[in-house]
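Peer 1: In terms of our numbering, the sequence shown opens at residue 1218 and continues consecutively.
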Amino acid sequence: MHKFFCNYNPLTQKYELMSGMRNNIFRSNTIIQEENNLITQIKNDIQQLYENIVFLKESEEDEGRLNLLDETELLISNLYYSLFESPLELVEGKKEGNKEKCKLLINNLLQKINIPEYNRLCNLIKNNLEQL
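1. Starting from the Cα of N1169, find the closest Cα among K1260, L1349, Q1328, K1231 and give me that residue.
2. Would L1346 and K1311 qualify as a contact pair, given that the criterion is a beta-carbon distance under 9 Å?
3. Between the alpha carbons of L1265 and L1322, how many angstroms are there, rounded?
4. Less than 9 Å between CB atoms is the rule here; does I1263 satisfy it with respect to chain D?
5. Can you find the residues in the same chain that come closer than 7 Å, C-beta to C-beta, to E1288, ignoring five residues on each side of it along the sequence?
6. Using the Cα positions of Y1297 and P1227, report the straight-line distance between them to the nearest angstrom.
7. Between the Cα of Q1230 and those of K1274, Q1328, C1339, spot the shortest distance and give me the residue it belongs to.
8. Please state whether DSSP places I1259 in a helix, a strand or coil.
9. Please state whether DSSP places K1329 in a helix, a strand or coil.
10. With a CB to CB cut of under 7 Å and the five nearest residues on each side skipped, what residues in its chain are close to L1283?
11. Look up Y1232 in the DSSP assignment and give the residues it is bridged to.
12. Quick test of your reading: K1343 and F1301, contact by CB under 8 Å. State the CB separation rounded to the nearest angstrom.
13. Nearest-angstrom Cα distance between I1270 and Y1232?
14. My assumption, with CB atoms under 8 Å, is that L1255 sits in contact with I1332. Please give the rounded CB distance.
This is the structure we're talking about:
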């Protein structure tokens, strides 16, 4: 797993995940417990986003939308693997995918991650979801 730091952003009044390259000083206002919670939340949000996309794919019949969902699924897998160096858990069972929940999850990720290369992936996923 990469080395990340959790910093408090006074503008948003929330904790954000940041890379060690942008801020080499481990600030005293960073709380270790909050960092652990933030990483767990990011992991869970990406996993839920992936599951929703898989369920949306199962119910989709339009070829163009299926290709867009495939691309989105690949972007989500890349985001997860880049952050945590492990693959996503496979989805079991059948459920109904929810596009609105996907948008909410990706917006949460954009707020929690403050690393440009990962934000770019999140924005690509968000754009794909808006095209659906």
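For each residue, glycine too, the CB sits at the ideal point set by N, CA and C.
Peer 2: In brief:
1. Nothing can be reported for residue 1169, as the shown portion of the chain is limited to 1218 through 1349.
2. no
3. The displayed chain sequence assigns Gln, not Leu, to residue 1265. Cα-Cα distance, rounded: 8 Å.
4. Looking for chain D here will not work: only one protein chain is present.
5. N1345
6. 27 Å
7. Q1328
8. helix
9. helix
10. K1274, E1277
11. Y1225
12. Contact flag wrong, Cβ pair sits at about 20 Å.
13. 27 Å
14. Between I1332 and L1255 the Cβ distance is about 12 Å, and since that is not below 8 Å, they are no contact.
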